[in-house]
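Asker:
In our numbering, the protein residues as written are 8 to 447.
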């Protein structure tokens, strides 16, 4: 089991106290404090937490289903196959954590089930706000061990992985050929050396589609450098590996190998520049591959992928998975747990990938004939590799920790602050935060 997951739930609660963790979990950096539009209790009409199956559940989706067609299709399948109606509350992503926190602080049964990122888990589990899903080994064994460990605490899985986003190295084979580069970079050093060959007046050699998510970028490269944010004793320990990351980014910046202003370019913006031929290669964590293949002037002959360039330790990518969890205050837990199970079966993962292009979180899906007929085999091979080598951590006070990191590493990545001083300040601030909440 992952050392920041299994065996830590009661340590979290004992160290920080449920009330303290609840206060931290609600500090998500958003301005909304409403419950997303659904105010009536969802548990008073049918079923109960005693085991009977309700005929309706309320599902809080992170955003509009218009932009989550894979989820929408799987909800339709669920309703048809089970007869259970799903009332969807489309809560804006930026408001979702605050909305859930507000509901659960009041021990309200308004929400039965929701989807969200794995990095919320530590705070939600420590506050006793979500329920073990009782999925069993037969279901959880569908997922790779690194993902199972991320969502599992001492008394079971608290989130069923639904779909994922993790780094895939995509490159423009036509541009590579024109510049005399026969193969993509295999290491950090080759990103620099081959980047110098790939650079032209109109095309940057390298960019990140998560360029506006500096902490995610930083964590991925820390993992590639063999580090992580915290050790087993909740102590932040990222300065040494972080310096290797900063040295790499300094080389990229000083050799003009990444676009100017990359820290402010959103995922869509970097994807747009790649499709427009203004970037030779990208570290993509969106469903960019399928989007490129649908674009004018692109084909499977022009778009190529590779495993991420290896850092000093590994080719790890950042594990950014959305999953489904059940509220501890739901009065329709059995139906909610069935929804979590159904939405995360191999068939549902395949449907999500077919309809929306989201990478499947189940390795066997990549071997499906339907998926293989829709995507190039070389792309599927790399996506599957990245799924099985993705890394992440669950840690308390995630929003506050990430804020402390961001305020220091962003100016350092841009060359506006001494990297070592920035990392040491971030680590000191996080240590003080964890001391204040009783974890250190």
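The beta carbon of each residue, even a glycine, is placed where N, CA and C say it ideally should be.
Spatial neighbours of residue 417 within its chain, please: CB distance less than 8 Å, with the 5 preceding and 5 following residues excluded, ordered by chain position.
Answerer: Once the five neighbours on either side are set aside, the close Cβ partners of residue 417 are 221, 270.
Asker: Can you look up residue 318 in the DSSP assignment and give me helix, strand or coil?
Answerer: Coil.
Asker: So does residue 436 have its beta carbon nearer than 7 Å to some heavy atom of the ligand HEM?
Answerer: In terms of ligand content, the structure shown is empty, and the ligand HEM therefore cannot be addressed.
Asker: Between residue 426 and residue 250, how many whole angstroms is the CB-CB distance? I'm expecting something under 8 Å.
Answerer: About 6 Å; that satisfies the 8 Å criterion.
Asker: Alpha carbon to alpha carbon, how far is residue 204 from residue 210? Give it in angstroms, no decimals.
Answerer: In a straight line, the C-alpha of residue 210 is about 11 Å away from that of residue 204.
Asker: Which value, in whole angstroms, describes the spacing of the CA atoms of residue 523 and residue 146?
Answerer: Shown here, the chain extends from 8 to 447; a query on residue 523 therefore has no answer.
Asker: Whole angstroms are fine: how far does the CA of residue 129 sit from the CA of residue 7?
Answerer: The question about residue 7 has no answer, for the chain in this structure spans 8 to 447.
Asker: Output the boundary residues of the beta strand (DSSP E) element that contains residue 123.
Answerer: Counting along the chain, the beta strand (DSSP E) containing residue 123 begins and ends at 120–124.
Asker: Along the chain, where does the beta strand (DSSP E) containing residue 67 start, and where does it finish?
Answerer: Counting along the chain, the beta strand (DSSP E) containing residue 67 begins and ends at 63–69.
Asker: Taking Cβ positions, are residue 72 and residue 246 nearer each other than 8 Å?
Answerer: Against a cut-off of 8 Å, the Cβ pair of residue 246 and residue 72 comes out as no contact.
Asker: Going residue by residue through the stretch 246–293, where are the continuous beta strand (DSSP E) segments of at least 3 residues, counting only ones entirely within it?
Answerer: The stretch 246–293 contains these whole beta strand (DSSP E) runs: 288–291.
Asker: List the whole-angstrom C-beta distance separating residue 331 from residue 342, where the pair is believed to meet the contact cut-off of C-beta under 8 Å.
Answerer: Actually they do not touch by this definition, with Cβ atoms about 13 Å apart.
Asker: What separation, rounded to the nearest whole angstrom, lies between the Cα atoms of residue 336 and residue 120?
Answerer: If I take the Cα positions, the gap works out to 10 Å.
Asker: Can you tell which of 441, 383, 395 has the C-alpha that lies nearest to the C-alpha of residue 406?
Answerer: Among 441, 383, 395, the Cα nearest to that of residue 406 belongs to 441.
Asker: Would you mind working out which of 104, 311, 285, 96 sits nearest residue 68, comparing C-alpha positions?
Answerer: Considering only alpha carbons, the answer is 96.
Asker: Could you name each continuous alpha helix (DSSP H) segment of 4 residues or more that falls completely within the stretch 359–402, going from the start of the chain to the end?
Answerer: Counting only runs of 4 or more, we get 376–381, 384–396.
Asker: Give the DSSP-derived three-state secondary structure of residue 108 in the structure shown.
Answerer: Three-state DSSP puts residue 108 in a helix.
Asker: If distances are taken between C-alpha atoms only, which option among 401, 446, 357 comes closest to residue 124?
Answerer: Nearest of 401, 446, 357 to residue 124, Cα basis: 401.
Asker: Compute the Euclidean distance between the alpha carbons of residue 159 and residue 404, then round it to the nearest angstrom.
Answerer: The straight-line gap from Cα to Cα measures roughly 18 Å.
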